[in-house]
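Using our numbering, read the sequence shown as starting at 1 and increasing by one per residue. For glycine and all other residues, C-beta sits at the position ideal for the given N, C-alpha and C. The structure under discussion appears below in the form of structure tokens.
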Amino acid sequence: MNCGESTSRRAGLSLPTLDEVLQVPVVDIGPLMTGHGDVSSAARAIDAACREAGFFYVVGHGVDPQLLSRLDGLARQFFALPEREKAEIAMTRGGPAWRGWFPVGGELTSSVPDLKEGIYFGAELGREHPRVVARTPLHGPNLFPRRPPELRDVVLAYIEEMTLVGQAVLAGAAIGLGLGPSWFVDHLTGDPLLLFRIFHYPPGPIDDERWGVGEHTDYGLLTILAQDPNGGLQVRTPDGWIDASPLPGSLICNLGDMLERLTGGLYRSTPHRVRNTTPADRLSFPFFLDPSWDAVVDRLPVVERPLDEDASQRWDRTSVHGFTGSYGDYILGKVAKVFPELAADAAAQVSPQSSAG
Numbered sequence: 001m002n003c004g005e006s007t008s009r010r011a012g013l014s015l016p017t018l019d020e021v022l023q024v025p026v027v028d029i030g031p032l033m034t035g036h037g038d039v040s041s042a043a044r045a046i047d048a049a050c051r052e053a054g055f056f057y058v059v060g061h062g063v064d065p066q067l068l069s070r071l072d073g074l075a076r077q078f079f080a081l082p083e084r085e086k087a088e089i090a091m092t093r094g095g096p097a098w099r100g101w102f103p104v105g106g107e108l109t110s111s112v113p114d115l116k117e118g119i120y121f122g123a124e125l126g127r128e129h130p131r132v133v134a135r136t137p138l139h140g141p142n143l144f145p146r147r148p149p150e151l152r153d154v155v156l157a158y159i160e161e162m163t164l165v166g167q168a169v170l171a172g173a174a175i176g177l178g179l180g181p182s183w184f185v186d187h188l189t190g191d192p193l194l195l196f197r198i199f200h201y202p203p204g205p206i207d208d209e210r211w212g213v214g215e216h217t218d219y220g221l222l223t224i225l226a227q228d229p230n231g232g233l234q235v236r237t238p239d240g241w242i243d244a245s246p247l248p249g250s251l252i253c254n255l256g257d258m259l260e261r262l263t264g265g266l267y268r269s270t271p272h273r274v275r276n277t278t279p280a281d282r283l284s285f286p287f288f289l290d291p292s293w294d295a296v297v298d299r300l301p302v303v304e305r306p307l308d309e310d311a312s313q314r315w316d317r318t319s320v321h322g323f324t325g326s327y328g329d330y331i332l333g334k335v336a337k338v339f340p341e342l343a344a345d346a347a348a349q350v351s352p353q354s355s356a357g
């Protein structure tokens, strides 16, 4: 990781005009990554983006572009394999960890099959880890394919890089909220739930009304997305849907339900969707930095708790503010709707101690 040089400078990036990125702001997080430069200014920019859009590009993240290029190339090799070989790491083989490959149509959004296939990864935990022994959902060893064999090391390296970027962005958000820069690590992300996906959206006919992934919000704190040049990501704003087009050298950050809950709606968990209308295969690489499985996410004392009237406005007709329980309870209920059959199998196997330490 090269933290000392802004991605925008290194790549000779010319930042887009407002017309090009519309209402999705661009934030240079270089000072937060390196500790040098105007940290306060970067934090203010993140805070403003979280309040106004809930989606923003980040540059200056220092991630080696060759790492993402390598990840993209290896992922394309995997998705080009015959389905019978990809099925060697099918999610049905991953147990309650919910890791592995699913085919096109195998994931649901609002009960509708998505026009994408993908691989689920997470923090690599050995079988002796207490959460793995307890069969805690979303915890366990990853399933990596035989081919290409290099994918394993590249995925694990990418997860490590994204964790550093995510913690830096959350430090900026904490500063913007008037908290200490380590607030999230101290309270929610000291032992985070780390999830990573690689999604493949096959070429799509323009007249197909189905979505690669339908309207939704993410569940946790922060999502960091890399996408290939094909585009297709759309964000819902008060003025309607806008494109979040690929910006060379950047990553896209968007907020999850728990950050909206934590801030009482001051920060926004913004709905988004994807449709690949190009004749090319589209890949995207979302990384999710979520609270610890056991964390109870309550609103900050610095914000007012809103009424639970937002449920009627949300895509899933549920309020993030009215929920009670741990983050593990929340995400388990959400993911169960995405993979209902796997959720039923996992629920039957989970031990009574699965939510413990």
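Going by DSSP, which residues form a beta bridge with residue i?
i	result
Asn254	Phe55, Thr223
Ile119	Trp101, Ile198
Asp114	Answer is none; Asp114 lacks a bridge partner.
Trp241	Arg236
Val26	Tyr57
Arg273	Gln234
Gly140	Glu124
His321	DSSP output for His321 lists no bridge partner at all.
Leu300	For Leu300, which the question treats as bridged, DSSP gives no partner whatsoever.
Trp109	Looking at the sequence provided, one finds Thr at residue 109 rather than Trp. BP columns for Thr109 point to Val112.
Ala90	Trp101
Leu193	Asp290
Measuring only the C-alpha atoms, how far is residue i from residue j?
i	j	result
Ala80	Thr324	43 Å
Gly122	Leu194	5 Å
Lys337	Ser110	8 Å
Arg299	Arg84	47 Å
Ser326	Val297	7 Å
Pro145	Trp101	9 Å
Asp72	Glu209	27 Å
Arg152	Trp183	32 Å
Leu22	Val133	Any reading at Leu22 must be qualified, since the residue scores a pLDDT of 47, below 50, and its modelled position is unreliable; the value itself is stated next. Their backbone Cα atoms lie some 48 Å apart in a straight line.
Ser245	Glu128	43 Å
Met162	Met33	12 Å
Asp186	Asp257	20 Å
Phe339	His36	44 Å
Pro238	Val274	18 Å
Phe196	Gly62	19 Å
Gly364	Gly249	As shown, the chain starts at 1 and ends at 357. That puts residue 364 outside it, with no answer to give.
Leu18	Pro279	Because the pLDDT at Leu18 is just 38, under 50, the model does not fix this residue reliably, and the point stays unresolved.
Gly320	Val302	Checking the sequence shown, residue 320 turns out to be Val, not Gly. Their backbone Cα atoms lie some 18 Å apart in a straight line.
Pro113	Gly190	35 Å
Asp294	Tyr330	10 Å
Ala87	Pro65	30 Å
Gly106	Glu341	10 Å
Arg261	Arg131	26 Å
Ser351	Thr263	Reliability of the predicted coordinates at Ser351 is poor, the pLDDT of 41 falling under 50, and the value obtained from them is presented with this limitation in mind. Spanning the two alpha carbons is a distance of roughly 33 Å.
Gly322	Thr217	16 Å
Ala171	Ser41	13 Å
Leu15	Ile242	In this prediction, Leu15 scores a pLDDT of 39, lower than 50, which makes its location untrustworthy; no coordinate-derived value is stated.
Would residue i and residue j be called neighbours here (beta carbons separated by less than 8 Å)?
i	j	result
Tyr158	Leu67	yes
Ile198	Leu143	no
Gln77	Pro148	yes
Arg135	Tyr120	no
Val58	Val169	yes
Phe288	Gly220	yes
Leu108	His200	no
Gly60	Asp28	yes
Asp281	Ala173	no
Leu188	Ser69	no
Leu251	Arg268	no
His272	Leu247	no
Thr270	Gly54	yes
Glu117	Leu156	no
Arg44	Leu266	no
Pro229	Asp290	no
Val154	Leu259	no
With respect to the beta strand (DSSP E) encompassing residue i, which residues constitute its N-terminal and C-terminal limits?
i	result
Phe184	It is not in any beta strand (DSSP E) - Phe184 instead sits in the alpha helix (DSSP H) that spans 183 to 187.
Leu289	282 to 290
Glu150	Premise fails: Glu150 is in no beta strand (DSSP E) and is neither H nor E.
Gly214	213 to 216
Give me the Cβ distance between residue i and residue j, rounded to the nearest whole Å; I'm assuming they're in contact under 8 Å.
i	j	result
Ala49	Pro25	5 Å
Gly176	Leu115	In fact, because the Cβ distance is near 37 Å, the residues do not count as touching under 8 Å.
Ile224	Gly140	About 22 Å separates the two Cβ atoms, so there is no contact after all.
Asn276	Gly212	5 Å
Pro137	Pro103	Contact flag wrong, Cβ pair sits at about 21 Å.
Measuring only from the beta carbon, is residue i closer than 7 Å to any heavy atom that is part of the ligand NAP?
i	result
Arg197	As presented, the structure is devoid of all ligands, the ligand NAP included, so that no description of it is given.
Using beta carbons (cut-off 8 Å, strictly below), is residue i in contact with chain D?
i	result
Gly328	Of the protein chains in this structure there is only one, and it is not chain D.
Where do the N-terminal and C-terminal ends of the alpha helix (DSSP H) with residue i fall, by residue?
i	result
Arg127	From DSSP, Arg127 is part of no alpha helix (DSSP H); its letter is neither H nor E.
Val335	327 to 338
Asp72	65 to 79
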